[in-house]
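Student: Got a structure here, written out as structure tokens. Questions coming.
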Amino acid sequence: MKFTLSDEQRQFAQALRDALKQSTAWETLLALGVHEVETAPDLVVAFLELGRAAVPGPVVESFAVLREPKATLAWPPHVPYIVDEAEDTYAIVDGVRHRAIPEEPRKSVDPTRRLHTFRLGEAIDQIDAEAFNRGVLACSAQLIGLGRTLLERTRDYALQRKQFGKTIGSFQAVKHQLADVHVALELAEPLVFGAAVTLNTRDVSAAKIAAGTAAYQAMRTALQVHGAIGYTSELDLSRWMLKVRALVTAWGTEAYHRERLMAALCP
Amino acid sequence: MDLDDTDLEFRREVRTWLHDNLPGPLSSMDTAGGFEQHREWERTLAKARLSAVSWPEEHGGRNASLTQWLVFEEEYWAAGAPGRVAQNGIFLLAPTLYAHGTEEQQNRLLPRMARAEDIWAQAWSEPEAGSDLAAIRSRGVRTDGGWLLTGQKTWSSRAAFADKGFGLFRTDPEAERHRGLTYFLFDLRAPGVTVRPIPQLDGEAGFAEIFLDEVFVPDADVLGEPGAGWRVAMSTAGNERGLSLRSPGRFCAAADRLLKLWREVGDPADTALRNKVLDAWMGAQAYRLHVFGSLDRPIGAEASVTKLFWSQLDLSLHETALELLGPNAELAGQPGSWLDGYLFALAGPIYAGTNEIQRNVVAERLLGLPR
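From first to last, the protein sequence lines stand for chains A and B. Count along the first sequence from 1, then add 1097; that gives the number in the numbering used here. Take the second sequence: its position 166, counted from the start at 1, is 151 in the numbering used here, and no numbers get skipped.
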């Protein structure tokens, strides 16, 4: 499977990256046409950037699954609560899309994810199984993007912070942890792009497992290297860290995806 | 994968040829008899012009594209074909010869290498210079028409039975560590050369020490400019750490065999072991996709990223297989077995620059952290 980005994809990624540095508001996403993304590889390109910027909101739900400018959903058991708020709110149960009426708010580990319990409204239509895989794929790409930013910020901090009269980035114990995170992210990303080409269950589950593992490693390393300052909410590192924690179990836990992967490999 | 009709035709040809010509299991290439069996297999490959498919036709290759080379590797390992006794020459020295060698050197050395008439050993490490290669002390001194090499090399794979060696020697003792080194090609049977085999973990003579006492090397066997050896050698190191020695085909084939083993003897309730099987499969896929996605990029410090990855993948893949085999994992003496592969994989994090050094390279050259 050969996958290299086209010039258009590179330009789209760059435009998103630049714009999201200024604003992560929903209007910014719409202005850049994220809601018009069609193919799965383009979706990966976009969600890598959404992850890098830790964009809040029901991005996976709107752009990858429902393909609407702003809507959201619950998809129990893997997305058990309605994620964030939107005018159109759905719940997908046994492959059928229903309207969903939000009830009680629930607090997420990620303060920018506003969750709600719900009750089912009228049934609307069937949802194809591929929609779930697109959600998993977008979530995987988002995790890689989050991991990339965590690594970059940690590298920058290691270059600036001094202890024992030296930049901490010169200590091998720090260097080796960052190198391992870099390797994990570099080798997880090809699985995500590979899954975008096939969009089959086997490859999508492998992508989610690898992306979740790499991003989580990036998160743990970021906190360890930043030390106590990373544990505060005064430094906004927690935006990235806590979103990783939430997304690692959203759209299917690692255990669920391992079951799916094994079932696909050894039917 | 983006394969065109020519690639697919090539895949079919290789698959058919391997099916018709594959030998049974060979003895270990680290025994005298096994080495000759492997040399014979290299000759058989060469007759079909399959020993170095990406080389030009005049050197014994087929001018195949990198994609076709990867296809060849996938078919080769999927068929369960033997390890390549000629790999140090074909995958490490040859790319350096193409990058830095003269036309005369290429025409003289490459066809013989393709036909396994010369099997090459890498002679880089020294007792005091392993991953810190710039610390080498073996020296080359100018003489009429060439150089005299003196010193000691060690951990030289295949050197016990190989024909020729390539390595760095210090030719300007006044210069800084990385400068004043020259890249030499030399005959392992030349007067003044003593080779002492060193038994490896498994007791076989997989590597050797090479002692050189005023060994004459003509100017024609200097690779690159005298004094530029470090730069020349680093292009070889990039190859060893990067793609050429560790093509994804080998890992994909091993991961497929591991899945087969899991189906045969795995306990579905043992999710911890199941997860290791899945990690091995995902690792091989990730590496394969990574390689296909980076074929059009030159190998630089990124080679350290892949070296870290495949050396760990190779080891955990084989550890998982041994765990599945249970008490039978200890059975030795079966060529091509999981145990054989495991012993080979154990060396992965050590050779081609230890993984600790690779982590430094990644941190310093790719992430920009200070030395």
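Note that beta-carbon positions come from the ideal geometry of N, C-alpha and C, so glycine has one too.
Using a Cβ-Cβ cutoff of less than 8 Å, which residues in the same chain neighbour residue 322 of chain B once the five nearest sequence positions on both sides are dropped?
Tutor: Closer than 8 Å at Cβ, skipping near neighbours: 316.
Student: If you draw a straight line from the alpha carbon of residue 1115 of chain A to that of residue 249 of chain B, how long is it in whole angstroms?
Tutor: 52 Å
Student: Since residue 54 of chain B meets chain A, which of its residues come closer than 8 Å, beta carbon to beta carbon?
Tutor: Ordered by position in chain A, no residue passes the 8 Å Cβ test against residue 54 of chain B, which lies about 14 Å from the chain.
Student: Quick one: give me the first and last residue of the alpha helix (DSSP H) that residue 1352 of chain A is part of.
Tutor: 1351 to 1362
Student: Is there a Cβ of chain B sitting closer than 8 Å to that of residue 1314 of chain A, yes or no?
Tutor: no
Student: On the DSSP letters alone, give me the boundaries of the alpha helix (DSSP H) that residue 1273 of chain A sits inside.
Tutor: 1269 to 1295
Student: Does DSSP put residue 348 of chain B in a helix, a strand or coil?
Tutor: helix
Student: Work out the CA separation of residue 1309 of chain A and residue 1347 of chain A for me, nearest whole Å.
Tutor: Using only the alpha carbons, I get a separation of about 10 Å.
Student: Determine which residues share a DSSP beta bridge with residue 1197 of chain A and list them.
Tutor: A:1217
Student: So, does the CB of residue 1284 of chain A fall closer than 8 Å to a CB anywhere in chain B?
Tutor: Closer than 8 Å to some Cβ of chain B, the Cβ of residue 1284 of chain A qualifies, so yes.
Student: Using a threshold of 8 Å, state whether the C-beta atoms of residue 135 of chain B and residue 199 of chain B are closer than that.
Tutor: Yes, the Cβ-Cβ distance between residue 135 of chain B and residue 199 of chain B is below 8 Å.
Student: Let me make sure I understand the geometry here. Which of A:1257, A:1192, A:1118 and A:1181 has the alpha-carbon closest to that of residue 1200 of chain A?
Tutor: A:1181
Student: Applying the criterion that 16 or more other CB atoms from any shown protein chain within 10 Å of the CB defines a buried residue, is residue 1103 of chain A buried or exposed?
Tutor: exposed
Student: Between the stretch 260 to 274 of chain B and chain A, which residues of the former have CB atoms less than 9 Å from a CB of the latter, in chain order?
Tutor: 260, 262, 263, 264, 266, 267, 268, 270, 271, 272, 273 and 274
Student: Does the beta carbon of residue 1267 of chain A sit closer than 8 Å to a beta carbon anywhere in chain B?
Tutor: yes
Student: At 8 Å on the CB atoms, spell out the chain B contacts of residue 1306 of chain A, in chain order.
Tutor: 263 and 267
Student: Taking 8 Å as the threshold (C-beta atoms), are residue 269 of chain B and residue 237 of chain B in contact?
Tutor: yes
Student: Can you name the residues of chain B whose CB is closer than 7 Å to the CB of residue 1287 of chain A?
Tutor: Those within 7 Å of residue 1287 of chain A in chain B are 271, 274, 275 and 278.
Student: Considering only residues of the same chain and omitting the five flanking positions on each side of residue 1216 of chain A, which have a CB-CB separation below 8 Å?
Tutor: 1197, 1198 and 1200
Student: Counting only the same chain and skipping the five closest in sequence on each side, list residues whose C-beta sits under 6 Å from that of residue 162 of chain B.
Tutor: Within its own chain, the residues whose Cβ lies closer than 6 Å to the Cβ of residue 162 of chain B, once the five positions on either side in sequence are excluded, are 119, listed in chain order.
Student: Using a Cβ-Cβ cutoff of less than 7 Å, which residues in the same chain neighbour residue 1141 of chain A once the five nearest sequence positions on both sides are dropped?
Tutor: Excluding positions up to five away in sequence, the list reads 1234, 1238, 1289, 1290 and 1293.
Student: Please confirm if residue 1216 of chain A has its CB atom under 8 Å from at least one CB of chain B.
Tutor: no
Student: Give, in chain order, every residue of the stretch 1342 to 1360 of chain A whose Cβ lies closer than 7 Å to some Cβ of chain B.
Tutor: 1355, 1358 and 1359
Student: What's the gap between the Cα of residue 73 of chain B and the Cα of residue 265 of chain B?
Tutor: 26 Å
Student: Interface residues of chain A around residue 294 of chain B at Cβ under 7 Å?
Tutor: 1280 and 1284
Student: How about residue 202 of chain B and residue 144 of chain B: are their beta carbons less than 8 Å apart?
Tutor: no
Student: Keeping to the same chain, check which residues put their C-beta closer than 8 Å to that of residue 17 of chain B; ignore five residues upstream and five downstream.
Tutor: 146
Student: Less than 8 Å between the beta carbons of residue 1247 of chain A and residue 1337 of chain A, yes or no?
Tutor: yes
Student: Relative to the C-alpha of residue 1167 of chain A, which residue among A:1151, A:1184 and A:1174 is closest?
Tutor: A:1184
Student: Is it true that the stretch 26 to 42 of chain B meets the stretch 105 to 119 of chain B, where meeting means three or more beta-carbon pairs spaced less than 8 Å apart?
Tutor: Too few Cβ pairs lie closer than 8 Å, so no.
Student: Alpha carbons only, please: which of A:1284, A:1353, A:1271 and A:1350 is nearest the one belonging to residue 278 of chain B?
Tutor: A:1284
Student: Which value, in whole angstroms, describes the spacing of the CA atoms of residue 159 of chain B and residue 85 of chain B?
Tutor: 25 Å
Student: Looking at the structure shown, is residue 116 of chain B part of a helix, part of a strand, or coil, going by DSSP?
Tutor: coil
Student: What residue ranges within the stretch 198 to 267 of chain B form continuous alpha helix (DSSP H) runs of no fewer than 4 residues, ordered along the chain?
Tutor: 214 to 226 and 233 to 250
Student: Helix, strand or coil: which one does DSSP assign to residue 109 of chain B?
Tutor: Look at residue 109 of chain B here: in three-state DSSP terms it is coil, with no helix or strand label.
Student: Which chain A residues sit within Cβ distance under 9 Å of residue 213 of chain B?
Tutor: In chain order: nothing, as chain A lies at least about 29 Å away.
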